[in-house]
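Student: Next up is a structure, given as structure tokens.
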Amino acid sequence: MVRLKDRYLLVNIIYSDVPPGQAKGPVPDLLLYNQPTSSELRPQLLLKAIRSEVAALFGDCGAGAVDRSLQGERENAIAQHSDSYLHRTSIL
Numbered sequence: 006m007v008r009l010k011d012r013y014l015l016v017n018i019i020y021s022d023v024p025p026g027q028a029k030g031p032v033p034d035l036l037l038y039n040q041p042t043s044s045e046l047r048p049q050l051l052l053k054a055i056r057s058e059v060a061a062l063f064g065d066c067g068a069g070a071v072d073r074s075l076q077g078e079r080e081n082a083i084a085q086h087s088d089s090y091l092h093r094t095s096i097l
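What follows is the structure in structure tokens.
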């Protein structure tokens, strides 16, 4: 009998309210230690970055498992969801 396990990947996308170099006052600790996400983020870049990091962290086996689930209809669904969800907001 084969047992299948679900694995989840948490992605933290950080957006800054203030353009770089124009901060007035102290910068939150979260932004000091994490580089904010570029406003040029697109769904294809996000998927490429996720695949790259999974390969670096979990090797070929992890990359293959994730790559399989990020293809075809899922990729289009993620891209459509990302287009409607990605806008400049603050999570702080």
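In terms of our numbering, the sequence shown opens at residue 6 and continues consecutively. Think of the CB as a built atom: it goes at the ideal place given N, C-alpha and C, for glycine as much as any other residue.
(1) Report the rounded CA-to-CA distance for Q49 versus S57, giving the unit in angstroms.
(2) Using 9 Å as the threshold, is the C-beta distance between V16 and L51 below it?
(3) Could you tell me if V7 is buried or exposed, where buried requires 16 or more neighbouring beta carbons within 10 angstroms of its beta carbon?
Tutor: The answer reads as follows:
(1) 12 Å
(2) yes
(3) It is exposed - the Cβ of V7 has fewer than 16 other Cβ atoms within 10 Å.
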